[in-house]
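A.B. asks:
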Amino acid sequence: QITAEVGHIMGITWTPDSQKIIYAFSQGGSSLIYAVDREGGIPSGVPGVGPRASFPSMAANASVLAYVTNQSSQDIWRFSVSPKINGLKSAGYNFLHSSLNDYDLLFNKDETLISFISDRSGTAEIWTTDAERSPPIKVTNIESGYVFNPVWSPDNEHFLFTSTHLGGIDVFSIPTQGGAIMDVSGDDVTSCLIGTWSADGKAVYYMALGSIWRRDIETGEATEIVKDGWQAIEQPEENQLYYSRLIDSGKWQLYRRELNEANPENPGELVSDKITLPMPVNWFLRHGGIYYLGDDIAQSVHISKNFNFYDAKTDEVVELGVIENLPQLYHMLEMSDDGEFVYAPQLIDENRDIIVIEQVQGL
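Its first residue numbered 3, the sequence shown is counted upward by one per residue in our numbering.
1. With DSSP as the reference, label residue 248 as helix, strand or coil.
2. What are the complete beta strand (DSSP E) segments, minimum 3 residues, inside the segment 182-225?
3. On the CB-based measure, 16 or more other CB atoms within 10 Å of its CB, does residue 360 come out buried or exposed?
4. Counting C-beta neighbours from all protein chains within 10 Å, is the total for residue 76 16 or more, i.e. buried, or is it exposed?
5. Out of 167, 245 and 297, point me to the one whose CA is closest to residue 280's CA.
6. Does the Cβ of residue 184 have 16 or more other Cβ atoms within 10 Å, making it buried, or fewer, making it exposed?
7. Secondary structure at residue 315, three-state DSSP: helix, strand or coil?
8. Can you name, in chain order, every residue of its own chain whose Cβ lies under 8 Å from the Cβ of residue 252, other than the five neighbours on each side?
9. Give me the residue from 10, 89 and 125 with the minimum Cα distance to residue 143.
10. Return the first residue and the last residue of the beta strand (DSSP E) that residue 236 is part of.
11. Identify which residue in 200, 204, 213 and 206 has its Cα closest to the Cα of residue 193.
12. Exposed or buried, what is residue 319 when buried is set at 16 or more other beta-carbons lying within 10 Å of its beta-carbon?
13. Below 6 Å CB to CB, which residues in the same chain sit around residue 71 once its five sequence neighbours on both sides are set aside?
14. With DSSP run on the structure shown, which of helix, strand or coil describes residue 261?
15. Should residue 181 go down as buried or exposed, given a rule of 16 or more other Cβ atoms within 10 Å for buried?
16. Would residue 103 and residue 79 be called neighbours here (beta carbons separated by less than 7 Å)?
17. List the endpoints of the continuous beta strand (DSSP E) containing residue 26.
18. Near residue 271, which residues of its chain fall below 8 Å by C-beta distance, leaving aside the five closest residues on each side in sequence?
19. I need the DSSP call for residue 450, collapsed to helix, strand or coil.
20. What is the residue span of the beta strand (DSSP E) that residue 127 lies within?
21. Please identify the residue among 294, 168, 247 and 284 whose C-alpha is closest to the C-alpha of residue 36.
22. Measuring CB to CB, does residue 120 end up less than 7 Å from residue 100?
23. Give me whichever residues DSSP pairs with residue 365 in a beta bridge.
24. Is it right to say residue 216 is buried, meaning 16 or more other beta carbons lie within 10 angstroms of its own, or is it exposed?
25. Where residue 342 and residue 82 are concerned, what is the direct C-alpha to C-alpha distance, given to the nearest angstrom?
26. Let me make sure I understand the geometry here. Which of 233, 254 and 199 has the alpha-carbon closest to that of residue 210?
27. For residue 30 and residue 196, I'd like the C-alpha separation in whole angstroms.
28. For residue 255, count neighbouring C-beta atoms within 10 Å of its own C-beta (all shown protein chains included) and say buried if the count is 16 or more, exposed if not.
29. Can you list the beta strand (DSSP E) stretches of 3 or more residues lying completely in the segment 319-360, in chain order?
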């Protein structure tokens, strides 16, 4: 066994010298192309290959790589989830639009500012705008790899985001006005993702090595929090840490435990066995319960999923409706703090092309 990843592999090939295996892989997000030594080791991203790449193939006697890329157009739509105005049965509203792809919209704490990912400049970058959707401002100039999930710090001074621009996938931070990028997950590990802030902004959580870790921003010290954990959200008013845990392949459930719990072997308390998630993200603590994106009801180019509410008082799950036209494999949702609206990427158009790269670096 060469790899030990949890996710989807979409095509493999050998390098011409038969020393490395090239494969397309996704952990529930956009697929990327990686290289790994034939004896195993840490995979690295193949330089020059952007997101949504799959089915790689290399020439038998030259450093020439071909792969399939999925070109699409995505906008961010706003949907009501309030039963008072028919909820998801009512028509959505195209909230954020460009001619290419906009996705991963996230609000700052008071919902006056918006961050999102867009490739409107040619590559996936972090952009910001205000609640009135003034002309957006580009924050990053990464120009390679994939970028997603730009989370505002509590003081609005920094973003956390996940990116592959250095080869592997890691969690980084950058000032919200732009500037130097810092690898907050550390250079000692790779394959880190799903960064979130502590409530006071002094630490970050992220998934790495099959566990949730917490890293102190000032000291750089990293502490393993809970095994099999993925996304962590602090709730200081409850003195609780909520988190998604991988239970089975493609299946997550939500757990919680006290913020000062220090034993990573303690899985915590299962919130409810009635909540199962097809992805470790897209769950929101609102209204004394949890809103979450459920399982697929249609598996095709355009994905449809149920959007549900778990009522903690009654221990019951209410189906609020269906969110349709989600992009394949990866989609990050946002929810207003009052629980009235959900923001979701919508796949407007899609086509596939074959890309050829000559003289691929390192292959």
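C-beta atoms are modelled at their ideal positions from N, C-alpha and C, and glycine is treated no differently.
C.D. replies: Based on what the coordinates show:
1. As a working mapping, residue 248 is identified with position 246 in the sequence shown. Looking at residue 248 - three-state DSSP - the assignment turns out to be strand.
2. The qualifying runs are 195-199, 205-210 and 213-218.
3. On the sequence shown, residue 360 is found 358 positions in, with the first residue counted as 1. So residue 360 counts as exposed.
4. The residue given as residue 76 occupies position 74 in the sequence shown. With 16 or more Cβ atoms within 10 Å of its Cβ, residue 76 is classed as buried.
5. Taking the first residue of the sequence shown as 1, we reach residue 280 at position 278. Ranking the options by Cα distance to residue 280, first place goes to 297.
6. The count along the sequence shown starts at 1 and reaches residue 184 at position 182. So residue 184 ends up on the exposed side.
7. Position 313 of the sequence shown, counted from the start, is the residue given in the question as residue 315. Note: residue 315 maps to coil in three-state DSSP.
8. Position 250 of the sequence shown holds residue 252. Cβ within range, chain order: 280.
9. Sequence index remark: in the sequence shown, residue 143 carries index 141 (1-based). Among 10, 89 and 125, the Cα nearest to that of residue 143 is on 125.
10. As a working mapping, residue 236 is identified with position 234 in the sequence shown. Taken as a continuous stretch (DSSP letters only), the beta strand (DSSP E) holding residue 236 covers 231-237.
11. Mapped onto the sequence shown, residue 193 falls at position 191. Closest by alpha carbon: 213.
12. Taking the sequence shown and counting its residues from 1, one reaches residue 319 at position 317. So residue 319 ends up on the buried side.
13. Your numbering for residue 71 matches position 69 in the sequence shown. So the qualifying residues of the chain are 54, 55, 355 and 357.
14. In the sequence shown, counting from the first residue as 1, residue 261 sits at position 259. The three-state reading of DSSP puts residue 261 in coil, since its state is none of H, G, I, E or B.
15. Here the question's residue 181 lines up with position 179 in the sequence shown. Exposed, by the Cβ-count rule.
16. As a working mapping, residue 103 is identified with position 101 in the sequence shown. As a working mapping, residue 79 is identified with position 77 in the sequence shown. No.
17. The count along the sequence shown starts at 1 and reaches residue 26 at position 24. Start and end: 22-28.
18. The residue given as residue 271 occupies position 269 in the sequence shown. If we look at residue 271 and ignore the five residues flanking it on each side, its Cβ neighbours are 257, 258 and 259.
19. Since the first residue of the chain shown is 3 and the last is 365, residue 450 is not available in this structure.
20. As a first step, residue 127 is located in the sequence shown; it is residue number 125 there, counting from the start. Its beta strand (DSSP E) spans residues 127-132.
21. For the purposes of this step, residue 36 is identified with residue 34 of the sequence shown, where counting begins at 1. Considering only alpha carbons, the answer is 168.
22. The residue labelled residue 120 in the question sits at position 118 within the sequence shown. The residue labelled residue 100 in the question sits at position 98 within the sequence shown. Cβ distance < 7 Å, so residue 120 and residue 100 count as in contact.
23. Residue 365 sits at position 363 when you count from the first residue of the sequence shown. None; residue 365 has no bridge partner.
24. For the purposes of this step, residue 216 is taken as the residue at position 214 of the sequence shown. Flag for residue 216 reads buried.
25. If you number the sequence shown from 1, residue 342 lands on position 340. If you number the sequence shown from 1, residue 82 lands on position 80. So the two alpha carbons sit approximately 6 Å from each other.
26. The sequence position of residue 210 within the sequence shown is 208, counting from 1. Nearest of 233, 254 and 199 to residue 210, Cα basis: 233.
27. As a first step, residue 30 is located in the sequence shown; it is residue number 28 there, counting from the start. As a first step, residue 196 is located in the sequence shown; it is residue number 194 there, counting from the start. The predicted model places residue 30 with a pLDDT of 46, which falls under 50 and marks its position as unreliable, so this point remains unresolved.
28. Looking up residue 255 in the sequence shown gives position 253. Residue 255 comes out buried.
29. 343-360
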